[in-house]
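Asks: Residue numbers (the working numbering), protein chains in the order written: chain A, 2 to 186; chain B, 7 to 177. We put the CB at the ideal spot given by N, CA and C, even for glycine. Given the structure is predicted, the values throughout are model-derived calculations rather than measurements.
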């Protein structure tokens, strides 16, 4: 993989294509996870994310796995796209997402609402916190992996997550239906 | 907010996710989750998202199309150096002939004036200055001048003026 990445970083089109083919499934999953069911533009955003991965090839220093690197890029692109769409639509994204979320196989009945709350929170948090929340909660990274993927010390990653959780706490406390749901669930 | 809820034991949540949480710590994590809504939410939501990702269907044909689209865009935006152009052509990704130039805001194109032009311009300015000096003392400053009625100034007008002054001043 290292040789392939080195060749891709020099701009060799065949190598770039092979790298993209390898990371594309994960990139698409990240994009769809972040955008949620309301993300009708997931294909466009996935393509944007893949192009961003190509742009970032030369900057890859091997400090983390390339797949993590690509997923992180995809997460950033998807969060930015989400925010842009929310700003454009000027609607409460929580309602938009909740209306479209459906429980999947084996899902807790409250799972769609929980996912919608997390996604809507991404539109409000500062970028670094939103990225941390995506990696940690949506993609299931450990704190060490989050720190590695975002190239920050572990304590910085923890601090970002703590702030994101405080925002989540405020959101829950400010919404009786959510608070009630959490108690029931 | 009590102290138990204010310190989030992320490392315990990590261990619980991996299924390696020691029994003693399980009790500690349970006590925290009972009083900390965000952590309880995080734990439940992480499972929710994992299930959702697992159930996502990936269409290989669609992925191929997306990869191809990204590569085409990359090919179009690459600089047209002889080496890269050839490589892209071989891969069927030759950039379009459109030359895209990116303008950096705040920077104006540098105009390189040739020597004779500068000389002519300087001579014209000098001649105009001498002419004005010879005629001004004999006339009133307002004599023969046309005074336009006042025009209500607007922000747009001011901006337009500033813009044109800036452009003109640079030429």
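Of the choices A:168, A:138, A:75, whose alpha-carbon is the least far from that of residue 27 (chain A)?
Replies: Nearest option by C-alpha distance: A:75.
Asks: From residue 83 (chain B) to residue 10 (chain A), what distance separates their C-alpha atoms?
Replies: C-alpha separation (whole angstroms): 16 Å.
Asks: Going by alpha carbons, who is nearest to residue 6 (chain A) out of A:47, A:128, A:60, A:44?
Replies: Comparing Cα positions, the closest option is A:60.
Asks: Per DSSP, what kind of secondary structure is residue 5 (chain A) in: helix, strand or coil?
Replies: It is helical.
Asks: Within the present structure, is the beta-carbon of residue 18 (chain A) separated from the nearest heavy atom of the ligand FAD by less than 8 Å?
Replies: For the structure depicted, the ligand FAD is absent and the ligand set is empty, with no information on it obtainable.
Asks: Check residue 62 (chain A) in the structure and name its three-state DSSP category.
Replies: The answer is coil: DSSP assigns residue 62 (chain A) none of H, G, I, E or B.
Asks: Could you give the DSSP three-state label for residue 143 (chain A): helix, strand or coil?
Replies: It is coil, neither helix nor strand.
Asks: Does the beta-carbon distance from residue 58 (chain B) to residue 131 (chain A) come in below 9 Å?
Replies: Contact flag unset, no.
Asks: For the alpha helix (DSSP H) containing residue 84 (chain B), name the first residue and the last one.
Replies: Where residue 84 (chain B) is concerned, there is no enclosing alpha helix (DSSP H), given that its DSSP letter is neither H nor E.
Asks: Tell me the DSSP secondary structure of residue 31 (chain B) in three-state form.
Replies: Of the three classes helix, strand and coil, the one that applies to residue 31 (chain B) here is helix, per DSSP.
Asks: Looking only at its own chain, which residues have a Cβ that is under 8 Å from the Cβ of residue 150 (chain B), when we skip the five neighbours before and after it?
Replies: Its pLDDT being 40, under 50, residue 150 (chain B) is placed unreliably in this model, and the value from its coordinates should be taken loosely. Result list for residue 150 (chain B): empty, nothing under 8 Å.
Asks: Going by C-alpha to C-alpha distance, which of A:177, A:151, A:135, A:119 sits closest to residue 30 (chain A)?
Replies: Minimum Cα distance to residue 30 (chain A) is reached at A:135.
Asks: Give the C-beta separation of residue 170 (chain A) and residue 44 (chain B) to the nearest angstrom, bearing in mind that I take them to be a contact with Cβ-Cβ under 8 Å.
Replies: Indeed, because the Cβ distance is near 5 Å, the residues count as touching under 8 Å.
Asks: Interface residues of chain A around residue 76 (chain B) at Cβ under 7 Å?
Replies: Correct list: 21, 48, 51, 52, 55.
Asks: Hey, out of A:173, A:163, A:124, A:33, whose CA is closest to residue 63 (chain B)'s CA?
Replies: Checked all of A:173, A:163, A:124, A:33; the closest Cα to residue 63 (chain B) is A:33.
Asks: Give, in chain order, every residue of the stretch 141 to 154 of chain A whose Cβ lies closer than 7 Å to some Cβ of chain B.
Replies: For the stretch 141 to 154 of chain A, which is checked against every Cβ of chain B, the residues closer than 7 Å are 141, 143, 144.
Asks: Within the 9 Å Cβ cut-off, does residue 81 (chain B) reach chain A?
Replies: Yes - at least one Cβ of chain A is within 9 Å of the one on residue 81 (chain B).
Asks: Alpha carbon to alpha carbon, how far is residue 17 (chain B) from residue 144 (chain A)?
Replies: Whole-angstrom Cα-Cα distance: 7 Å.
Asks: Cutting at 8 Å between CB atoms, please list the residues of its own chain near residue 80 (chain A), excluding the five before and the five after it.
Replies: If we look at residue 80 (chain A) and ignore the five residues flanking it on each side, its Cβ neighbours are 35, 123, 128, 131, 132, 135.
Asks: Let's see if you can read the secondary structure: which residues bound the alpha helix (DSSP H) around residue 34 (chain A)?
Replies: Run containing residue 34 (chain A): 14 to 36, per the alpha helix (DSSP H) assignment.
Asks: By alpha-carbon positions, which one of A:67, A:56, A:151 ends up nearest to residue 23 (chain A)?
Replies: The candidate whose alpha carbon is nearest that of residue 23 (chain A) is A:67.
Asks: Under a CB-based cut-off of 9 Å, is residue 28 (chain B) close to chain A?
Replies: Chain A, which has no Cβ nearer than 9 Å to the Cβ of residue 28 (chain B), makes this no.
Asks: Mind the definition here: the stretch 31 to 51 of chain B touches the stretch 161 to 178 of chain A only if three or more C-beta pairs lie below 8 Å; say whether that holds.
Replies: The stretch 31 to 51 of chain B vs the stretch 161 to 178 of chain A: in contact.
Asks: Name, please, each residue of chain B whose Cβ falls closer than 8 Å to the Cβ of residue 25 (chain A).
Replies: What residue 25 (chain A) touches in chain B: 69, 72, 73.
Asks: Output yes if chain A places a C-beta closer than 9 Å to the C-beta of residue 37 (chain B); else output no.
Replies: Closer than 9 Å: no.
Asks: Determine the closest residue to residue 207 (chain B) out of B:65, B:129, B:15, with distance taken between C-alpha atoms.
Replies: Outside the shown range of chain B (7 to 177) lies residue 207 (chain B), about which nothing can therefore be said.
Asks: Just to confirm before moving on: does the CB-CB distance between residue 6 (chain B) and residue 141 (chain A) stay below 9 Å?
Replies: Outside the modelled stretch of chain B, which goes from 7 to 177, sits residue 6 (chain B), for which no answer is possible.
Asks: Name, please, each residue of chain A whose Cβ falls closer than 8 Å to the Cβ of residue 32 (chain B).
Replies: None at all; the shortest Cβ gap to chain A is about 18 Å.
Asks: Excluding the five sequence neighbours on either side, which residues of its own chain have a C-beta within less than 7 Å of the C-beta of residue 71 (chain A), listed in chain order?
Replies: Counting only Cβ-Cβ distances below 7 Å, and skipping sequence neighbours, we find 24, 27, 28, 54.
Asks: Along the chain, where does the alpha helix (DSSP H) that runs through residue 16 (chain B) open and close?
Replies: Per DSSP, residue 16 (chain B) belongs to the alpha helix (DSSP H) from 16 to 24.
Asks: Below 8 Å on the Cβ atoms is my contact criterion, and I expect residue 51 (chain A) with residue 72 (chain B) to pass it. Report the Cβ-Cβ distance as a whole number of Å.
Replies: Right, the Cβ-Cβ distance comes to about 6 Å (below 8 Å), so this counts as a contact.
Asks: Taking 9 Å as the CB-CB limit, is residue 44 (chain A) close to chain B?
Replies: Interface residue, yes.
Asks: Please decide whether residue 136 (chain A) counts as near chain B, where near means a Cβ-Cβ distance under 9 Å.
Replies: No, no contact with chain B.
Asks: Residue 56 (chain A) and residue 82 (chain A) - do their beta-carbons sit closer together than 9 Å?
Replies: Their beta carbons are not under 9 Å apart, which means residue 82 (chain A) does not touch residue 56 (chain A) by this criterion.
Asks: Considering only the beta carbon of each residue, do residue 162 (chain A) and residue 137 (chain A) sit closer than 9 Å?
Replies: Yes, Cβ-Cβ distance for residue 162 (chain A) and residue 137 (chain A) is below 9 Å.
Asks: Between residue 130 (chain A) and chain B, is any beta-carbon pair separated by less than 9 Å?
Replies: Chain B contact via Cβ: absent.
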